[in-house]
Amino acid sequence: MKKMLDLIVTDNSQLNQSYCLLKLSTTNSSPLPEMFPGQFVEVHVTDSPTTFLRRPISVNFIDKEKNELWLLVQAIGDGTRRMATYKKGDLVNLLLPLGNSFTPPESSDKKDRVLLVGGGVGTAPMLYWGSILKEEGYSPVFLLGARSSKDLLQLDEFAKYGDVYTTTEDGSHGEKGFVTNHSILELPDFKQIYTCGPKPMMMAIANYAHKHGITCEVSLENTMACGFGVCLCCIENTTRGNVCVCTEGPVFNIKDLKWIN
Amino acid sequence: MKKMLDLIVTDNSQLNQSYCLLKLSTTNSSPLPEMFPGQFVEVHVTDSPTTFLRRPISVNFIDKEKNELWLLVQAIGDGTRRMATYKKGDLVNLLLPLGNSFTPPESSDKKDRVLLVGGGVGTAPMLYWGSILKEEGYSPVFLLGARSSKDLLQLDEFAKYGDVYTTTEDGSHGEKGFVTNHSILELPDFKQIYTCGPKPMMMAIANYAHKHGITCEVSLENTMACGFGVCLCCIENTTRGNVCVCTEGPVFNIKDLKWIN
Amino acid sequence: MDKLNIQIGNLALKNPVMTASGTFGYGKEYTDFIDLGKLGGICVKGTTLHDRQGNAYPRMAETPAGMLNAVGLQNKGVDYFVSNIYPEIKDFDTHIIVNVSGSTIEDYAECAARLSDLDKIPGIELNISCPNVKEGGMAFGTSACSAADVVRAVRKVYNKTLIVKLSPNVTDITEIARAAEAEGADSLSLINTLLGMAIDINKRKPVLSTVTGGLSGPCVKPVALRMVWQTYNAVKIPIIGMGGISSWQDAIEFILAGSSAIQIGTYNFIDPTISEKVVNGIQEYLDNHNIAHIKDLIGALEV
Amino acid sequence: MDKLNIQIGNLALKNPVMTASGTFGYGKEYTDFIDLGKLGGICVKGTTLHDRQGNAYPRMAETPAGMLNAVGLQNKGVDYFVSNIYPEIKDFDTHIIVNVSGSTIEDYAECAARLSDLDKIPGIELNISCPNVKEGGMAFGTSACSAADVVRAVRKVYNKTLIVKLSPNVTDITEIARAAEAEGADSLSLINTLLGMAIDINKRKPVLSTVTGGLSGPCVKPVALRMVWQTYNAVKIPIIGMGGISSWQDAIEFILAGSSAIQIGTYNFIDPTISEKVVNGIQEYLDNHNIAHIKDLIGALEV
Ligand SMILES: Cc1cc2nc3c(=O)[nH]c(=O)nc-3n(C[C@H](O)[C@H](O)[C@H](O)COP(=O)(O)OP(=O)(O)OC[C@H]3O[C@@H](n4cnc5c(N)ncnc54)[C@H](O)[C@@H]3O)c2cc1C
Ligand SMILES: Cc1cc2nc3c(=O)[nH]c(=O)nc-3n(C[C@H](O)[C@H](O)[C@H](O)COP(=O)(O)OP(=O)(O)OC[C@H]3O[C@@H](n4cnc5c(N)ncnc54)[C@H](O)[C@@H]3O)c2cc1C
Ligand SMILES: Cc1cc2nc3c(=O)[nH]c(=O)nc-3n(C[C@H](O)[C@H](O)[C@H](O)COP(=O)(O)O)c2cc1C
Ligand SMILES: Cc1cc2nc3c(=O)[nH]c(=O)nc-3n(C[C@H](O)[C@H](O)[C@H](O)COP(=O)(O)O)c2cc1C
Ligand code: FES
Ligand code: FES
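Chains as they are written, first to last, in full-length UniProt numbering: chain A, 1 to 261; chain B, 1 to 261; chain C, 1 to 303; chain D, 1 to 303.
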């Protein structure tokens, strides 16, 4: 069941020049509504003169012990810049949980290699998904890409749930280049790939997966007006016609998309 | 010369449920531009989704030693409510100084009694004006009105510059009733009256002054879009036609207004 | 809540608050957030005779205090509605109005006819003002003559409450309003979206796939309010006002300007509970101002 | 700054940034804030043949991302302008355009004629779109026929650059645009304000003394941009685009949509230095994108 509720900021830390990690909890310490990996929330930014619509942000992590929802936010416009200024004790109004979620690996053989590829702010949903996969007994492998080492975020967190490989465009961390050129992809022995990031990156991963017959899910970030299936603005043209990314996605199996060339 | 500049908040204290006193200074400790009593500033509220235009606020006081501009703000809508949340170190963008100012008493006999009448947030400009009158050698008398004692603000400040009389609607401080019924008005021996407050109050004072042949200046608060004479929205219909309150006012001699019945 | 009931054609609304077509899905998307039974009515998605895929992505651009959309009436067609959606929603404790659109007069009439048999659909809203479709849509709503043609054709085949939704993209909305009234419309709803545009200066391309789109949200409120007031002074049938309503205060403005009922559109996206809040706010306003009935407020603007 | 010069009729503007009539006084009110010499031009206050007191207070209502005004062309008349204001402003290092309004065609023509002798007024902007006056004003701008009549009459007596300012309150702005072009207008400026309204729900009265007023500010930008684009595709004379511009990015949008120059109105109230900032921003955008001349951007929208 979707809810509109005010959560309270328990922490907001600036991770680098443009990213912050916002932690939210309930005001009355009642448990957070259940949220699944791949789902997102819609944030109401109430202190920006130019931000009218809510802003969709992925669930980055759920800290069950502390009853905290984590949002990894990249400040790119006024809405996200305001989020970066939220302070402990501030209330934030959210719609949640929204969207579908990642589906578990098709094969239930827990020894199968499962790859989670994140680029830029697209690494956000991978942390929570990796943690759940690990909990379920899988050994997820993370492949994370960024411009430069300072943009590679939450590496310690990722390391808790699986092996972490990185690429940076300037070579300051991991292999130099894009995630799609990383050497671990040379041996296509992954049984399942999940990816979120810039569209060109996801398309390249999708094509790689398709070529090697690997099941692959991508998480789309089409622009949204509502986030819960009523405005029909966020559509993706799939094999079953135009569907809403906010309800039938954001996670899609690449076989349903018209991406493969 | 009018300026647009960012001032820094040095202090903001909540005086009661709906009033705050905002103190601002220059960012580089250069002296504040010269401002005269009765003038106002236009505040750019940049964190409100519903506040588009700047907000006119009177100069409440200039603390020359500390190089501080004081604004007494009553939170009545989103713009003023945001101002109440400004914190030490925040920058506030202002246009200033705007408008004309109070004119010194016509007679230069410093022993003449000069009355300053303020109602509600209209007490704001009276503090600075009273301080200047005192500096010039006059002994201003303040007559301040409010709903109830907790809405009578800055009494200690006023007391520094002259005798203070008060009225409250509920009788919780000073005489019960409206300023216009205060007993000090029974003997009309004031040579000059200055007033700012709700329009009905100012009109009553204006009629009182007129009846007794006392020179009287009122400070108007017509709604404004620009504050510096270009939109022609703030006009008052005076004996010389429609004039801009933001440039030819906010202070008017009652003989120029069409208020007297 | 007796102070709030209002009559629109044969429709007895429990209160004047409805939700606007294209912003409220089929109502069921909101049941997590509010009790639909609290609302006067809901206008479901624009429905056409045949199934439509709508326009290509991108369909949305955020604008100052509003948004542009270019959905283009994506829907599965009236037959799908009748057989698949209607059964799911017919038992909501509120009035369900279907918003009907078409490319030709025949389409409109046929679509309306197929809806007229549905027990729990007491009325339709004729959308002659959609700016997002190539043929038909707004074209019908921008001349009194073609508006009259559509309304006449639909009135012939549709006996229940017929609401005609007007376009704001006209020189004189009262002309179209009078034409629709003359052809037997029971009520007029206004405004649909204003035709607008946004440009991505980095790509040097329109933001929307269709170049132009429909503007909605608080930014259009002053224009909408003016048109409601003009129309109120031009026709006798009840008006359903909308355009940028985001609070009960806005709703009161529309009622004072001459709306018998109001619809809330875009703001449902920002606050999916807004419609219920508006119902409560109106109720309180009446109580606080000792107004015996909402009817006393309709067009009660002192000018 | 050579990349930025632009020709409008006989006017050689140093850059495409102008300020809009009614929002910039006579320019001198801004000299504390900016160097007028940096601007392409300024449009001074609406001027009429005879002195006008304008409408009663209140004349203003704030609206979401914008405002309504009902100033009603308060000014001291053209003769006062010629003898008292012109001498004070004629030496500004920018082009001064006078915005001309009237209640009758004869008023327009006479007012224009009196301005034609002024050396330092290289052009006028014919305001056939003011929504805030009872007679004339917008009435002329809402039909192609009456628009043509005014432009023809003024063109006969005025040989310098004639800009015609169009009303957005029309079904088809291109019709009026073509009519003005056919009668010899050198340029079209658009949009004037959208007719809107606001209500004080406590007093149950309109906020404005005139009930309706003109809407301006960022809220109208999507509508303005659409109309500029439509007009650009309908006429050959240069367009001066405006409506809600509050940043250089907005200005680029208008230029891409087909504006040869732009005007900034309401946002001057919020940031009196905005016009200079827009000039600088456009310059930087050209530099950063290696665009040789602003002309290469006019109407360069890829659709
Ligand atoms: C399902 C989903 C999940 C998301 N998860 C995250 C997340 O976890 N963390 C995070 O930081 N961001 C996330 N985003 C993106 C985030 O919603 C946008 O960055 C945000 O809305 C921008 O708002 P703004 O006001 O800061 O910028 P704006 O001022 O609105 O935009 C700044 C610039 O970014 C562009 N832009 C804005 N939104 C998008 C978009 N969705 N796609 C492409 N371009 C866009 C604009 O066109 C503009 O050029 C997600 C988006 C979606 C749809
Ligand atoms: C020259 C001048 C000096 C002023 N000095 C001060 C001052 O020192 N301290 C202070 O607190 N306020 C002062 N004001 C009033 C102040 O500008 C308004 O209270 C403020 O603009 C309200 O903004 P808001 O966003 O909080 O409220 P809004 O949401 O804009 O308005 C809330 C309500 O107040 C009404 N309102 C807003 N402004 C005015 C007005 N000017 N006159 C009558 N009704 C109005 C609105 O119609 C609305 O009903 C002054 C006004 C002027 C013109
Ligand atoms: C995303 C979206 C889709 C819409 N679809 C329709 C539609 O199918 N039929 C219709 O008549 N109006 C449609 N509208 C217009 C609204 O019903 C309403 O008339 C308009 O948005 C103004 O109201 P608002 O400002 O409250 O949104 C749509 C509006 C939006 C924002
Ligand atoms: C207070 C005010 C007064 C105006 N007066 C005039 C005028 O005298 N003549 C005119 O042609 N336009 C006038 N306008 C319209 C503006 O010039 C401009 O066309 C409109 O405001 C849209 O631009 P903006 O959104 O940038 O303000 C006025 C606008 C405002 C806000
Ligand atoms: S964002 Fe509205 S339907 Fe997906
Ligand atoms: S507020 Fe604009 S002229 Fe006074």
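Ideal Cβ placement from N, Cα and C applies to all residues, glycine included.
What you are looking at is a predicted structure, and each value in this text was computed from that prediction instead of being measured.
Which chain B residues sit within Cβ distance under 7 Å of A:T90?
Against the first sequence, residue 90 of chain A aligns to sequence position 90. First, the residue type needs correcting, since residue 90 of chain A is Asp and not Thr in the sequence shown. Near A:D90 there are no residues of chain B at all, since even the closest Cβ is about 11 Å away, more than 7 Å.
Is there contact between the segment 113-130 of chain A and the segment 72-84 of chain A, where contact requires at least three CB pairs shorter than 8 Å?
Result yes; three or more Cβ-Cβ pairs closer than 8 Å.
My assumption, with CB atoms under 8 Å, is that C:T266 sits in contact with C:S216. Please give the rounded CB distance.
Within the third sequence, the letter at position 266 stands for residue 266 of chain C. Within the third sequence, the letter at position 216 stands for residue 216 of chain C. The pair is a contact, with the Cβ atoms about 4 Å apart (cut-off 8 Å).
Give me the Cα-Cα distance between D:N233 and D:R178, rounded to the nearest whole angstrom.
The residue you call residue 233 of chain D lines up with position 233 of the fourth sequence. The residue you call residue 178 of chain D lines up with position 178 of the fourth sequence. It is roughly 11 Å from the alpha-carbon of D:N233 to the alpha-carbon of D:R178.
Test: D:Y232 CB closer than 9 Å to a CB of chain C
Looking up residue 232 of chain D in the fourth sequence gives position 232. It does not: the Cβ of D:Y232 has no partner Cβ on chain C nearer than 9 Å.
The segment 229-247 of chain C in contact with the segment 197-205 of chain A per 3-pair CB rule at 8 Å:
The segment 229-247 of chain C is not in contact with the segment 197-205 of chain A.
Among the residues of its own chain, which have a CB less than 8 Å from the CB of C:G77, if the five just before and after it don't count?
On the third sequence, position 77 is the one that residue 77 of chain C refers to. These residues qualify, in order along the chain: T47, T48, L49, H50, D51, R52.
Taking Cβ-Cβ distances shorter than 7 Å, what residues in chain B pair up with D:Q53?
Within the fourth sequence, the letter at position 53 stands for residue 53 of chain D. Ordered by position in chain B, the residues that pass the 7 Å Cβ test against D:Q53 are G241, N242.
At the level of alpha carbons, what is the spacing between C:F269 and C:K28?
Taking the first residue of the third sequence as position 1, residue 269 of chain C is located at position 269. Taking the first residue of the third sequence as position 1, residue 28 of chain C is located at position 28. Taken atom to atom, the span from the alpha-carbon of C:F269 to that of C:K28 is near 14 Å.
Can you list, in chain order, the residues of the segment 62-90 of chain D whose Cβ is nearer than 8 Å to any Cβ on chain B?
Cβ contacts with chain B come from E62, T63, P64, A65, G66, M67, N69, V71, Q74.
Does ligand 1 have a heavy atom nearer than 8 Å to the CB of A:L72?
Locating residue 72 of chain A in the first sequence gives position 72, counting from the first residue. Short note on A:L72: C-beta closer than 8 Å to some heavy atom of ligand 1.
Assigned secondary structure, C:S189 (DSSP; H/G/I helix, E/B strand, else coil)
Here the question's residue 189 of chain C lines up with position 189 in the third sequence. Secondary structure of C:S189 (DSSP, three-state): strand.
The alpha helix (DSSP H) with D:V278 in it runs from where to where?
For this step, residue 278 of chain D is matched to residue 278 along the fourth sequence. First-last of the alpha helix (DSSP H) with D:V278: 274-288.
Would you say B:M126 touches ligand 2, meaning its beta carbon is less than 8 Å from a heavy atom?
The count along the second sequence starts at 1 and reaches residue 126 of chain B at position 126. For ligand 2, not one heavy atom lies less than 8 Å from the Cβ of B:M126.
Counting only the same chain and skipping the five closest in sequence on each side, list residues whose C-beta sits under 6 Å from that of D:P238.
To locate residue 238 of chain D, count along the fourth sequence from 1; it is residue 238. Cβ neighbours of D:P238 beyond the five flanking positions: I8, S187, S260.
Opening and closing residue of the beta strand (DSSP E) in which B:R55 lies:
Stepping through the second sequence from its first residue, residue 55 of chain B is reached at position 55. It spans 55-58 - the beta strand (DSSP E) in which B:R55 sits, taken as one unbroken run.
Strictly below 8 Å CB to CB, what residues from chain C border D:I201?
As a first step, residue 201 of chain D is located in the fourth sequence; it is residue number 201 there, counting from the start. Going along chain C in sequence order, the residues near D:I201 (Cβ under 8 Å) are Q249, I252, E253, L256, Y285.
Taking only beta-carbon positions, decide if C:G20 is within less than 9 Å of chain D.
The sequence position of residue 20 of chain C within the third sequence is 20, counting from 1. Reading the sequence as shown, one finds Ala at residue 20 of chain C and not Gly. No, C:A20 lies away from the interface with chain D (no Cβ there is under 9 Å from its Cβ).
Figure out for me which residue from B:T168, B:Y19, B:Q192 has the closest Cα to the Cα of B:G182.
As a first step, residue 182 of chain B is located in the second sequence; it is residue number 182 there, counting from the start. In the sequence on display, residue 182 of chain B carries His and not Gly. Among B:T168, B:Y19, B:Q192, the Cα nearest to that of B:H182 belongs to B:T168.
I'd like the span of the alpha helix (DSSP H) that includes C:V228, first residue to last.
Taking the first residue of the third sequence as position 1, residue 228 of chain C is located at position 228. Where C:V228 is concerned, the enclosing alpha helix (DSSP H) stretches over 221-232.
For C:E183, count the other beta carbons within 10 Å of its own beta carbon; 16 or more makes it buried, fewer makes it exposed. Which is it?
Here residue 183 of chain C is taken as the residue at index 183 of the third sequence, counted from 1. By the neighbour-count criterion, in which 16 or more other beta carbons inside 10 Å mark a residue as buried, C:E183 falls on the buried side.
Quick test of your reading: C:I294 and C:A251, contact by CB under 8 Å. State the CB separation rounded to the nearest angstrom.
By one-based count along the third sequence, residue 294 of chain C stands at place 294. By one-based count along the third sequence, residue 251 of chain C stands at place 251. So it is not a contact: roughly 10 Å between Cβ atoms.
Answer yes or no: the CB of D:A20 versus the heavy atoms of ligand 4, is any distance below 8 Å?
Translated into positions along the fourth sequence, residue 20 of chain D becomes position 20. Answer for D:A20: yes, Cβ within range of ligand 4.
Within the same chain, show all residues whose beta-carbon is closer than 6 Å to that of A:I214, passing over the 5 residues directly before and after it, in chain order.
Start at 1 with the first residue of the first sequence, and residue 214 of chain A comes out as number 214. Cβ neighbours of A:I214 beyond the five flanking positions: F190, I193.
What would DSSP say about C:P206, mapped onto helix, strand or coil?
Here residue 206 of chain C refers to the residue found at position 206 when the third sequence is read from its first residue. Correct three-state label for C:P206: strand.
According to a CB-to-CB cut-off of less than 7 Å, which residues of the segment 28-49 of chain C neighbour chain A?
Within the segment 28-49 of chain C, E29, D32, F33 place their CB atoms closer than 7 Å to a CB of chain A, listed in sequence order.
Return the Cβ separation of C:E125 and C:K165 in integer angstroms, given the expectation that the two are a contact with Cβ distance under 8 Å.
Residue mapping note: residue 125 of chain C aligns to position 125 of the third sequence, counting from 1. Residue mapping note: residue 165 of chain C aligns to position 165 of the third sequence, counting from 1. A Cβ-Cβ separation of about 5 Å places C:E125 in contact with C:K165 under the 8 Å criterion.
According to DSSP, is C:A61 part of a helix, a strand, or is it coil?
Numbered from 1 along the third sequence, position 61 holds the residue referred to as residue 61 of chain C. Collapsing the DSSP output to three states places C:A61 in a strand.
Can you pull the chain D neighbours of B:G120, defined as C-beta to C-beta under 8 Å?
Numbered from its first residue, the second sequence carries residue 120 of chain B at position 120. Residues of chain D with a Cβ closer than 8 Å to the Cβ of B:G120 do not exist, since the nearest Cβ in that chain sits about 17 Å away.
Residue closest to B:D6, alpha-carbon to alpha-carbon, out of D:D271, D:V278, D:D287:
Here residue 6 of chain B is taken as the residue at index 6 of the second sequence, counted from 1. When each option's Cα is compared against that of B:D6, the closest is D:D271.
What is the DSSP secondary structure of A:H210, counted as helix, strand or coil?
Counting from one through the first sequence, the residue named residue 210 of chain A turns up at place 210. In the three-state DSSP reduction, A:H210 falls in the helix class (H, G or I).
Can the beta-carbon of A:L152 be found closer than 9 Å to that of A:L116?
Locating residue 152 of chain A in the first sequence gives position 152, counting from the first residue. Locating residue 116 of chain A in the first sequence gives position 116, counting from the first residue. No, these two residues do not count as a Cβ contact at 9 Å.
B:V243 versus B:C226 - alpha carbon distance
As a working note, residue 243 of chain B is residue 243 in the second sequence. As a working note, residue 226 of chain B is residue 226 in the second sequence. Roughly 14 Å separates the two Cα atoms.
Start-to-end residues for the beta strand (DSSP E) that takes in A:F142:
Position 142 of the first sequence, counted from the start, is the residue given in the question as residue 142 of chain A. Counting along the chain, the unbroken beta strand (DSSP E) around A:F142 starts and ends at 140-146.
Along the segment 253-282 of chain C, what residues have a CB closer than 9 Å to any CB found in chain A?
Flagged, chain order: T266, N268, F269, I270, D271, P272, T273.
Name, in chain order, the residues that DSSP records as bridge partners for A:T168.
Here residue 168 of chain A is taken as the residue at index 168 of the first sequence, counted from 1. Its beta-bridge partners are A:A146, A:K176.
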